[in-house]
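The opening position of the sequence shown corresponds to residue 1 in our numbering, with each subsequent residue numbered one higher. Each residue gets a CB set at the ideal place from its N, CA and C atoms; glycine is no exception.
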Amino acid sequence: PSATTTVKVGNYAKASDLLAKFMEEVKHVPMKIYEEKIPQLLAGEEGKIPEEFYPDTLKSFVELKKEDKEFWLDNTIKAEVNKYNQIVELGISAQITWKERGNKEATSEPDRSLRDYALIFNSEAKQD
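The following block contains the structure:
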(Lines of atoms letter the chains of each structure in order from A and count residues from 1; the text may use other names and numbers.)
(Lines give C-alpha, C1' and ligand atoms only; values in the text may rest on other atoms or scores of the structure.)
Protein backbone atom coordinates (compact mmCIF):
# COMPACT_ATOMS: atom_id res chain seq x y z
CA PRO A 1 0.00 0.00 0.00
CA SER A 2 1.09 3.54 -0.70
CA ALA A 3 1.84 6.06 2.03
CA THR A 4 -1.24 8.06 1.01
CA THR A 5 -3.49 5.02 1.47
CA THR A 6 -1.98 4.33 4.88
CA VAL A 7 -2.56 7.95 5.96
CA LYS A 8 -6.17 7.84 4.74
CA VAL A 9 -6.89 4.58 6.55
CA GLY A 10 -5.19 5.91 9.71
CA ASN A 11 -7.18 9.15 9.67
CA TYR A 12 -10.43 7.29 9.02
CA ALA A 13 -9.71 4.96 11.95
CA LYS A 14 -8.95 7.93 14.23
CA ALA A 15 -12.17 9.67 13.14
CA SER A 16 -14.13 6.47 13.73
CA ASP A 17 -12.65 6.14 17.24
CA LEU A 18 -13.49 9.79 18.04
CA LEU A 19 -17.06 9.34 16.83
CA ALA A 20 -17.53 6.15 18.86
CA LYS A 21 -16.06 7.79 21.97
CA PHE A 22 -18.34 10.82 21.57
CA MET A 23 -21.48 8.69 21.15
CA GLU A 24 -20.54 6.51 24.12
CA GLU A 25 -19.99 9.55 26.35
CA VAL A 26 -23.16 11.44 25.46
CA LYS A 27 -25.49 8.46 25.72
CA HIS A 28 -24.65 8.10 29.42
CA VAL A 29 -25.74 11.64 30.32
CA PRO A 30 -29.01 11.47 32.32
CA MET A 31 -32.12 12.73 30.50
CA LYS A 32 -32.78 15.27 33.28
CA ILE A 33 -29.39 16.87 32.58
CA TYR A 34 -30.24 17.19 28.88
CA GLU A 35 -33.54 18.85 29.86
CA GLU A 36 -31.75 21.29 32.20
CA LYS A 37 -28.79 22.17 29.97
CA ILE A 38 -30.61 22.23 26.61
CA PRO A 39 -34.09 23.56 27.49
CA GLN A 40 -35.07 24.10 23.84
CA LEU A 41 -35.29 20.30 23.48
CA LEU A 42 -38.57 20.31 25.42
CA ALA A 43 -39.92 22.90 22.95
CA GLY A 44 -39.17 20.51 20.09
CA GLU A 45 -36.20 22.53 18.85
CA GLU A 46 -32.83 21.22 17.80
CA GLY A 47 -29.79 21.98 19.94
CA LYS A 48 -26.07 21.37 20.34
CA ILE A 49 -24.61 19.08 22.96
CA PRO A 50 -22.46 21.14 25.37
CA GLU A 51 -18.75 20.25 25.45
CA GLU A 52 -18.98 19.51 29.18
CA PHE A 53 -20.94 16.37 28.24
CA TYR A 54 -17.97 14.79 26.42
CA PRO A 55 -14.70 15.72 28.20
CA ASP A 56 -12.84 12.51 27.26
CA THR A 57 -13.57 13.03 23.58
CA LEU A 58 -12.31 16.62 23.81
CA LYS A 59 -9.07 15.38 25.39
CA SER A 60 -8.60 13.04 22.43
CA PHE A 61 -8.99 15.97 20.00
CA VAL A 62 -6.28 17.86 21.91
CA GLU A 63 -3.94 14.84 21.87
CA LEU A 64 -4.38 14.37 18.12
CA LYS A 65 -3.69 18.05 17.53
CA LYS A 66 -0.38 17.63 19.39
CA GLU A 67 0.43 14.93 16.81
CA ASP A 68 -0.31 17.58 14.16
CA LYS A 69 -3.65 16.08 13.17
CA GLU A 70 -6.72 18.27 13.50
CA PHE A 71 -10.21 16.79 13.62
CA TRP A 72 -13.34 18.76 14.41
CA LEU A 73 -16.80 17.78 15.57
CA ASP A 74 -20.26 19.02 14.77
CA ASN A 75 -23.33 17.67 16.50
CA THR A 76 -27.06 18.22 16.80
CA ILE A 77 -29.58 16.84 19.24
CA LYS A 78 -33.35 16.71 19.00
CA ALA A 79 -35.91 15.24 21.37
CA GLU A 80 -39.24 13.50 21.06
CA VAL A 81 -41.36 14.80 23.96
CA ASN A 82 -44.53 13.24 25.40
CA LYS A 83 -47.66 15.03 26.67
CA TYR A 84 -46.15 15.06 30.19
CA ASN A 85 -43.29 17.21 28.87
CA GLN A 86 -40.77 14.42 29.30
CA ILE A 87 -38.12 13.43 26.79
CA VAL A 88 -39.15 10.06 25.35
CA GLU A 89 -36.30 9.75 22.89
CA LEU A 90 -33.19 11.70 21.89
CA GLY A 91 -31.84 11.77 18.36
CA ILE A 92 -28.13 12.59 18.30
CA SER A 93 -26.31 13.30 15.07
CA ALA A 94 -22.54 13.79 14.98
CA GLN A 95 -19.97 14.39 12.29
CA ILE A 96 -16.19 14.29 12.56
CA THR A 97 -14.36 16.21 9.83
CA TRP A 98 -10.68 16.35 8.90
CA LYS A 99 -8.26 17.01 6.05
CA GLU A 100 -5.88 14.29 4.89
CA ARG A 101 -3.03 16.81 5.05
CA GLY A 102 -2.88 20.04 6.99
CA ASN A 103 -5.36 21.58 9.39
CA LYS A 104 -8.82 23.12 9.14
CA GLU A 105 -7.48 26.10 7.14
CA ALA A 106 -5.80 23.95 4.46
CA THR A 107 -7.93 25.18 1.56
CA SER A 108 -6.23 23.00 -1.06
CA GLU A 109 -7.39 19.85 0.72
CA PRO A 110 -10.97 18.58 0.52
CA ASP A 111 -12.84 17.90 3.75
CA ARG A 112 -13.26 14.27 4.72
CA SER A 113 -15.99 13.35 7.16
CA LEU A 114 -17.61 10.52 9.01
CA ARG A 115 -21.14 10.68 10.45
CA ASP A 116 -23.10 8.73 12.99
CA TYR A 117 -26.62 8.91 14.38
CA ALA A 118 -28.02 7.45 17.58
CA LEU A 119 -31.47 7.21 19.12
CA ILE A 120 -31.54 7.03 22.89
CA PHE A 121 -34.78 5.89 24.48
CA ASN A 122 -35.78 7.21 27.91
CA SER A 123 -37.06 4.17 29.81
CA GLU A 124 -38.29 6.41 32.65
CA ALA A 125 -40.67 8.46 30.48
CA LYS A 126 -44.39 7.83 30.95
CA GLN A 127 -46.00 5.97 28.09
CA ASP A 128 -49.25 7.32 26.66
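Scanning its chain for C-beta atoms nearer than 6 Å, with the 5 sequence neighbours on each side dropped, one finds around GLU80 the residues VAL88, GLU89, in chain order.
Per DSSP, the beta bridge partners of ARG112 are TRP98. For VAL81, the enclosing beta strand (DSSP E) covers residues 71–81.
Within 10 angstroms of the beta-carbon of THR107 lie fewer than 16 other beta-carbons, which makes it exposed. Rounded to the nearest whole angstrom, the CA to CA distance from PRO110 to TYR34 is 34 Å.
The alpha-carbon separation between ILE38 and ALA13 amounts to approximately 31 Å. TYR117 has SER93 as its beta-bridge partners, per DSSP. When the Cα atoms are used, ALA125 and LYS32 turn out to be separated by approximately 11 Å.
Counting other Cβ atoms within 10 Å of its Cβ, LEU119 stays below 16 and is therefore classed as exposed.
A direct Cα-Cα distance of roughly 21 Å separates TRP72 from VAL29. If you ignore the 5 residues before and after LYS78, its C-beta comes within less than 6 Å of the C-beta of GLU46, GLY91, all in its own chain and listed in chain order.
With a 10 Å radius around the Cβ and a threshold of 16 neighbouring Cβ atoms, VAL9 comes out exposed.
Our two residues, ASN122 and GLU105, have alpha carbons roughly 40 Å apart in a direct line.
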